[in-house]
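A.B. asks: So the protein lines, in turn, are chains R and U. Numbering-wise, the first sequence is residues 3 to 227 according to the working numbering. Numbering-wise, the second sequence is residues 1049 to 1794 according to the working numbering. Glycine included, every Cβ here is placed at the ideal spot set by N, Cα and C. Keep in mind it's a predicted model, so treat the numbers as computed, not measured. Below is one structure. I have some questions about it.
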Amino acid sequence: MQNNINYRSRDSSEITYLRAFAYRTLAHCFIYPSKSWISELPGWLNTLSSILEDFGPSTEAVVKTVEEIRKEKYSLQTLQIEYTRLFINGAPSVLAPPYASAYSEERWFYGPPAIRALHTYQKAGLAFSPKSREMPDYLLVELEFMIHLCQNEMKVGKSYGEASDIREEQHCFLTEQLMPWVSVWRGYVETSDRAGFYAKLAALINEWLKTDAVYLENTGERSIA
Amino acid sequence: MGVKDNTLSRRDFLKFSGGLLASSFMLDLDSDLGFLVPSAEAAAKPEKGEKKLYGECGICSMGCAYIAYVQNGRIVRLEGNPKDQIAEGKLCVKGYSSLNILYDPDRLKYPMKRTNPQKGIGVDPKWVKITWDEAIGMVAKKFKEVIAKDGPQAIVIFARGKPHLKHFAKSIGTPNLIIHNSACDVTHDIAWESMVTGEGKGRPFTGDYENSRYILSFGWDGPGKSKNKWGRAINNALEKGAKLVVFDPRLSITASKAHEWIPIKPGTDLAVLLAMIRTIINENLFDQEFISNYTTGFNELKVRVQQYTPEWAEKISDVPAGKIVRIAREFATTKPAVVASHKRDAGGPLYSNSFRTAQCFIIMNTLVGSIDRPGGRILDRKPKLPKEDEFVKYPEYPKGVKERIDGMEKYPLTKKGNFSTVAQGILSKKPYPVKAALIWKYNLPSFPNRLRLEEALKTLDFIAVSDIYPTELTELADVVLPEGTFFEGKGLKERKFHAMYPQMALVEGIKPLYDTKGFKDVLYSILEKMGLKEYVPDKEALKAFSKAKDEALGTTKEEIRSNGGIWTGDKTFKPKTEFGTPSKKIELSPSLLKEKGFDPLPYWIEPKVMPNKEYPYRLIIYRTPWQRMMKTQNIPVLMEIYPENTVTIHSKEAEKLNIKEGDYIWVESTTGKIKVKAHLSEGIRPDCVAIDHGFGHRGKGMTVAFGKGSNEGDLVPDMTIGEMLKNPDPAANSMWNEVVLKIYKA
């Protein structure tokens, strides 16, 4: 994929913030729908759209998907039913569990992908919050980790070597942990979602991950050069 | 402007981003993320090696203590706790593989409510996730409405008889706590209570089979169910030279290890036992010292059994009289000897004479002095601890109606519930209409004639179900209350299933996954929400109880933690010289039965149904070592070992019917028919067919279990209360499994 993100015209810290914000917004779009969530959704999507537009032509497809979601009107109950059915417990059964392990060789939870994710978090100096009952390879945990890495990058600012290392870390987690299973998961969501929202959201997340990976790859190359 | 009000535009962002780039608050992770937190410890010391957690297996009621090894927050393997007298360092195949349950994607994860008013198996309930507050609120509101309009008796609770469940039912005022005992252990409970342990005390679970020299089984198949301790005990006893004799229409796993397998006619074990008792008494082979010191009613018994000659028993049971006499003599003269028993026994099903059969097991053991003596049946040794009700006090329970929807109040000795009559009770709306149900970890295949119960439950306004899995019954629920697995619980559990001496196993549990809750807490929350706070245990009283218990344990929490329990009690076996009956002796002609108007002594009762021309085969129900009903059906490795149940048919009968190994055949009773894979064997009587229990799930939510095999309960008739009352049985035995069948190619 061509990397056309306008990083040259933007300060790298700004871009990192934008990227963090994109991850944050996508994560928010994926939380269980509530009254306040659905009323805030257009605003979040608007923000996401603005951020993505700022990235230039490479995000056109993603922006288009965001716009498609924005145009649709979804009832809260429909989204709650679909969320529950696709991601928690459904009839006949949970269709697209948002956990990496579900797409590994054994479909059982807390498999090798979860352990790999946990090790990565530990290496980054993170532990699970005592209040959390989730597993390390849950989609939202992995998105949160990407936000954390972006934040780290922002913290080191323009310290060239450190920022580059953190970007490498991001690229690694993205391509080795998140992307492999999200691309499969997206397929399950697309074929099973009856409301259309989650199929589009899964596609959006998948597209964003790919776009961001290319960005990180290219900025990495640039820094090496 | 910002993330919270999500109106951040590109311009906004560019405007302030320069100054706040390094700040994280704008990303506001805490509101709905916040799974990860900084930890200096994690960075410095990434988790390495294994951590030990102690626990108690929850697959079967044997409850083997285990050690779980945790790596990276995940339990990676289990082993039996070597200090536990039940596990002795080992688990069974189900126990080892039970870890799959914890990480099963199909588990119920969050409370949910139904949004589709249509109900039925296979109908999408259109669940939506809700909070616990909302779930508890819905149950409480509905129960209050039902109580106000139809009375508390209109609420039925299907659950095991744990003290907190009994308390909950009494607190809301319903007599309808329906426990599964009618299909399980009721005959043994009442036999032991009336003869040995005392009213309400239940039966012991312990047998010192390992030290027996002569073991008799009438359908008992502990090793065949892979009951961990019992399997080893029988093997060890055999190695030490014990003789094992098994009466069973089917060549069970226990029978396959036996010196003699006697394929008795189903439902006639009682006849053989009565004749054996007569032989032992008439030939003065009984333990005279034990009988004179520790029993009452011997002479009455002696008179009663005179009519039951071995020749009479032979005609009924197909067991030659000479064999009955020989085995009776061997049993009485080889010390120690024991009749091993647990619950249904007698070839697997319950029969109309199962209570009297259970009574004879105790008589046989008493005659040879094997009640609470080495090598015999042992009264469980439990730790002496304070009881919760000594500290937690409640006001008087509301006085509701006494009549139960299953009619069990009509039986003086057992009020635990009847799975056979409850569906017709609900459908008849007599003696009153039922409007709501709360169901804890029972599934439709647990019941005879599940289609009738399904029909009955669909007439209710409201159903709440608490479970670990989305069972087929969950599909009928209005509210789902997800429960954690036994890996996520905590506590100190007394050894019950084999308690030669008091021990307690520590249950630590890993951090629970998802948003599940223990059912006890759920019940107290419902009471509180219903405005019945006076029936919720007072926290201070609970603290005092906990403190008293800790003191009584005589050890410290640190010691318990380092040992994984309390294993250091006095292991010297002191035989009991007094028992729980009014006379403090083993009552061979129990006063409790007399007092309640029942014949105190065993007598011959014909089985309720007999094979006939149209239905020539009897149904034998058993369990395989690889499955324990719903609990293990979604475990892939177990389903790989044994993917579906079969109907075992004698090879010669199969040949007559042109049935070959692996053919799918119809098995039909007057209640229903099921299609099952045929398995041909010489190891079954020609007039019987045997089907293993636990298969045939229709709930698609259990993706591994769904559609595998068939449920033999669909062949078993339910009944009306009137039909039940025709059986004057102290245990209100509902003849759960007494079925005759025909079979034919599908």
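(1) Excluding the 5 residues flanking K37 (chain R) on each side, which residues of the same chain have their C-beta closer than 7 Å to its C-beta?
(2) Using a C-beta cutoff of 7 Å, does A197 (chain R) count as contacting chain U?
(3) Could you list the residues in the segment 1518–1537 of chain U with a C-beta less than 7 Å from some C-beta on chain R, going in chain order?
(4) Between P1808 (chain U) and chain R, is there a C-beta pair that is closer than 7 Å?
(5) R1122 (chain U) by DSSP, collapsed to three states: which one?
(6) At a Cβ threshold of 7 Å, is G1749 (chain U) touching chain R?
(7) Count the CB pairs spanning the segment 1195–1202 of chain U and the segment 1220–1229 of chain U that are closer than 8 Å, and state whether there are at least three.
(8) Counting contacts by CB-CB distance shorter than 7 Å, is L1601 (chain U) in contact with chain R?
(9) Residues of the segment 85–97 of chain R with a CB closer than 8 Å to any CB of chain U: list them in chain order, please.
(10) Compute the Euclidean distance between the alpha carbons of G1755 (chain U) and V1470 (chain U), then round it to the nearest angstrom.
(11) If we count the other Cβ atoms within 10 Å of its Cβ and call it buried at 16 or more, is D1256 (chain U) buried or exposed?
(12) Can you find a CB in chain U that lies within less than 7 Å of the CB of Y217 (chain R)?
(13) When we look at the beta-carbon of K1441 (chain U) and count the other beta-carbons within 10 Å, is it buried (16 or more) or exposed?
(14) Determine the chain U residues that contact L128 (chain R) at a beta-carbon separation under 7 Å, and present them in chain order.
(15) Cα-Cα, which of U:V1555, U:L1398, U:T1316 and U:F1334 is closest to P1358 (chain U)?
(16) Check the Cβ-Cβ distances between E136 (chain R) and every residue of chain U, and say whether any is below 7 Å.
(17) Do you know offhand how far R118 (chain R)'s Cα is from I1195 (chain U)'s?
(18) Mapping DSSP to helix, strand and coil, what is A1779 (chain U)?
(19) Residues in its own chain within less than 6 Å of Y1517 (chain U) by CB, not counting five upstream and five downstream?
(20) Would you please state the rounded distance, in angstroms, between the beta carbons of A24 (chain R) and L50 (chain R)? I believe it to be under 8 Å.
(21) Taking the beta carbon of N1164 (chain U) as the centre, do at least 16 other beta carbons fall within 10 Å, making it buried, or is it exposed?
(22) Are the CB atoms of L1789 (chain U) and S1729 (chain U) nearer to each other than 7 Å?
(23) Quick check: A1504 (chain U) and V1513 (chain U), are their CB atoms within less than 7 Å of each other?
(24) Pick helix, strand or coil for H1228 (chain U), following the three-state DSSP scheme.
(25) Rounded to whole angstroms, what is the Cα-Cα separation between S1340 (chain U) and E1241 (chain U)?
(26) By the DSSP assignment, the beta strand (DSSP E) with A129 (chain R) in it spans what residues?
(27) Whose Cβ in chain R lies nearer than 9 Å to the Cβ of D1563 (chain U)?
(28) Which of the three DSSP states, helix, strand or coil, is assigned to D1515 (chain U)?
(29) List the whole-angstrom C-beta distance separating R1230 (chain U) from S1468 (chain U), where the pair is believed to meet the contact cut-off of C-beta under 8 Å.
(30) Mind checking which residues open and close the beta strand (DSSP E) that includes C1112 (chain U)?
(31) Is I17 (chain R) helix, strand or coil when you go by DSSP?
(32) Against M1160 (chain U), what residues of chain C qualify as contacts under a CB-to-CB distance less than 9 Å, listed in chain order?
(33) Grouping DSSP H, G and I as helix and E and B as strand, with all else coil, what is S1808 (chain U)?
(34) Ordered along the chain, which non-local residues of its own chain (more than five positions away) have a Cβ less than 7 Å from that of K1190 (chain U)?
(35) Between which two residues does the alpha helix (DSSP H) carrying I1375 (chain U) extend?
(36) For K1774 (chain U), which three-state DSSP category applies?
C.D. replies: By the coordinates alone:
(1) The count along the first sequence starts at 1 and reaches residue 37 (chain R) at position 35. Closer than 7 Å at Cβ, skipping near neighbours: L78.
(2) Taking the first residue of the first sequence as position 1, residue 197 (chain R) is located at position 195. Not an interface residue.
(3) P1518 and E1523
(4) Any property of residue 1808 (chain U) remains undetermined from this structure, which presents chain U solely from 1049 to 1794.
(5) Translated into the one-based positions of the second sequence, residue 1122 (chain U) becomes position 74. R1122 (chain U) falls in the strand class under three-state DSSP.
(6) Taking the second sequence and counting its residues from 1, the one referred to as residue 1749 (chain U) is at position 701. Chain R, which has a Cβ nearer than 7 Å to the Cβ of G1749 (chain U), makes this yes.
(7) yes
(8) Reading the second sequence from its first residue, position 553 is the one you call residue 1601 (chain U). Answer no: the Cβ-Cβ gap between L1601 (chain U) and chain R never drops below 7 Å.
(9) Y85, T86, R87, I90, N91, G92, A93, P94, S95 and V96
(10) Here residue 1755 (chain U) refers to the residue found at position 707 when the second sequence is read from its first residue. Here residue 1470 (chain U) refers to the residue found at position 422 when the second sequence is read from its first residue. Cα-Cα distance, rounded: 26 Å.
(11) Walking along the second sequence from the start, residue 1256 (chain U) turns up at place 208. Burial call: buried.
(12) On the first sequence, residue 217 (chain R) is found 215 positions in, with the first residue counted as 1. Answer no: the Cβ-Cβ gap between Y217 (chain R) and chain U never drops below 7 Å.
(13) In the second sequence, residue 1441 (chain U) corresponds to position 393, counting from 1. Exposed, by the Cβ-count rule.
(14) Locating residue 128 (chain R) in the first sequence gives position 126, where the first residue counts as 1. Under the 7 Å cutoff, chain U gives L1084, V1085, P1086, S1087 and A1090.
(15) Translated into positions along the second sequence, residue 1358 (chain U) becomes position 310. Considering only alpha carbons, the answer is U:T1316.
(16) As a position in the first sequence, residue 136 (chain R) is number 134, starting the count at 1. Yes, its Cβ sits closer than 7 Å to a Cβ of chain U.
(17) As a working mapping, residue 118 (chain R) is identified with position 116 in the first sequence. As a working mapping, residue 1195 (chain U) is identified with position 147 in the second sequence. Between R118 (chain R) and I1195 (chain U), the C-alpha separation is close to 53 Å.
(18) By one-based count along the second sequence, residue 1779 (chain U) stands at place 731. Three-state result, A1779 (chain U): coil.
(19) Your numbering for residue 1517 (chain U) matches position 469 in the second sequence. Result list for Y1517 (chain U): M1750, in chain order.
(20) Numbered from 1 along the first sequence, position 22 holds the residue referred to as residue 24 (chain R). Numbered from 1 along the first sequence, position 48 holds the residue referred to as residue 50 (chain R). That belief holds up - the Cβ atoms of A24 (chain R) and L50 (chain R) are roughly 7 Å apart, short of 8 Å.
(21) In the second sequence, counting from the first residue as 1, residue 1164 (chain U) sits at position 116. Exposed is the call here.
(22) If you number the second sequence from 1, residue 1789 (chain U) lands on position 741. If you number the second sequence from 1, residue 1729 (chain U) lands on position 681. Not a contact, by the Cβ cut-off of 7 Å.
(23) Here the question's residue 1504 (chain U) lines up with position 456 in the second sequence. Here the question's residue 1513 (chain U) lines up with position 465 in the second sequence. No; because the gap between Cβ atoms is not below 7 Å, this pair is not in contact.
(24) The residue you call residue 1228 (chain U) lines up with position 180 of the second sequence. Note: H1228 (chain U) maps to helix in three-state DSSP.
(25) Against the second sequence, residue 1340 (chain U) aligns to sequence position 292. Against the second sequence, residue 1241 (chain U) aligns to sequence position 193. Their Cα atoms are separated by approximately 21 Å.
(26) Working through the first sequence from its first residue, we reach residue 129 (chain R) at position 127. Where A129 (chain R) is concerned, the enclosing beta strand (DSSP E) stretches over L128 to F130.
(27) The sequence position of residue 1563 (chain U) within the second sequence is 515, counting from 1. Result: R135.
(28) Against the second sequence, residue 1515 (chain U) aligns to sequence position 467. Correct three-state label for D1515 (chain U): strand.
(29) The count along the second sequence starts at 1 and reaches residue 1230 (chain U) at position 182. The count along the second sequence starts at 1 and reaches residue 1468 (chain U) at position 420. Sequence inspection shows Ser at residue 1230 (chain U); the Arg mentioned does not correspond to that position. Indeed, because the Cβ distance is near 6 Å, the residues count as touching under 8 Å.
(30) Sequence index remark: in the second sequence, residue 1112 (chain U) carries index 64 (1-based). Element bounds for C1112 (chain U): n/a, residue is neither H nor E.
(31) Residue 17 (chain R) sits at position 15 when you count from the first residue of the first sequence. I17 (chain R) falls in the helix class under three-state DSSP.
(32) Within the model displayed, chain C is absent; protein chains R and U are what it includes.
(33) Outside the shown range of chain U, which is 1049 to 1794, sits residue 1808 (chain U), and nothing can be said about it.
(34) As a first step, residue 1190 (chain U) must be located in the second sequence, where it is residue number 142. A1484 and F1510.
(35) For the purposes of this step, residue 1375 (chain U) is taken as residue 327 along the second sequence, with counting starting at 1. Unbroken alpha helix (DSSP H) run through I1375 (chain U): A1369 to T1381.
(36) Counting from 1 along the second sequence, the entry for residue 1774 (chain U) is found at position 726. Note: K1774 (chain U) maps to coil in three-state DSSP.
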